[in-house]
Amino acid sequence: KLEVRCPEEVEERPAKRFKTTGENENDSNEDDGTTDNNYSGCDWRGTVSGLKQHIASECLLATIACGEEGCKHTCQRRDMEAHRSSQQGIMRHMELKYENKLKAMEM
Numbered sequence: 608k609l610e611v612r613c614p615e616e617v618e619e620r621p622a623k624r625f626k627t628t629g630e631n632e633n634d635s636n637e638d639d640g641t642t643d644n645n646y647s648g649c650d651w652r653g654t655v656s657g658l659k660q661h662i663a664s665e666c667l668l669a670t671i672a673c674g675e676e677g678c679k680h681t682c683q684r685r686d687m688e689a690h691r692s693s694q695q696g697i698m699r700h701m702e703l704k705y706e707n708k709l710k711a712m713e714m
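The structure is reproduced here in structure tokens:
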């Protein structure tokens with residue numbers, strides 16, 4: 608079977624950092640062994656047939672739309688709960704529900 612990676616893993620893994628002491632040529636550009644721990648790519652690997660399911664419902668880095676009727680907010684799946692629970696998000700969703708009820712009453 609062909610193994611594929613999640614396409615949301617688009618960031619290159621950061622290169623190791625190098626320290627430069629400048630004291631002498633032997634010390635400069637020495638590998639200090641550290642890497643940037645802020646890398647947050649998707650590490651999912653699987654089959655081509657599993658990729659669609661992963662993107663549709665699992666990948667935390669996939670961009671998704673808010674499910675609230677009328678809300679046009681999009682963000683990565685991992686950030687959606689913050690949108691829904693933020694004061695701004697809650698207020699916007701309440702406004703949308705109110706607007707939707709008014710529209711329904713007008714019909």
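Using this note's numbering, the first residue of the sequence shown is number 608, and each one after it goes up by one. Even for Gly, the Cβ is constructed at its ideal location relative to N, Cα and C.
- Annotation for Gly653: the continuous beta strand (DSSP E) segment containing it runs 652-654.
- Using a Cβ-Cβ distance cut-off of 8 Å, the segment 678-689 and the segment 649-662 are not in contact, since fewer than three pairs of beta carbons, one from each stretch, lie closer than that value.
- Shown here for Leu667: same chain residues with a beta carbon closer than 8 Å to its own, the five before and five after excluded, namely Cys649, Gln683, Arg684, Arg685 in chain order.
- Listed in chain order, the non-local C-beta contacts of Ala711 below 8 Å within the same chain number zero, local neighbours out to five positions each way being set aside.
- Counting only residues of its own chain and dropping the five nearest sequence neighbours on each side, His690 has a CB closer than 7 Å to the CB of Cys673, His680, Cys682, Gly696.
- Taking C-beta separations shorter than 8 Å and ignoring five residues to either side along the sequence, the partners of Met687 in its chain run Ile671, Cys673, following chain order.
- Residue range 670-672 is occupied by the beta strand (DSSP E) that includes Ala672.
- Per DSSP, Glu610 is one residue of the beta strand (DSSP E) stretching across 610-612.
- For Glu706, the uninterrupted alpha helix (DSSP H) run begins and ends at 694-713, by DSSP.
- Beyond the five residues adjoining it in sequence on each side, Arg612 comes within less than 6 Å, by CB distance, of Arg652 in the same chain, given in chain order.
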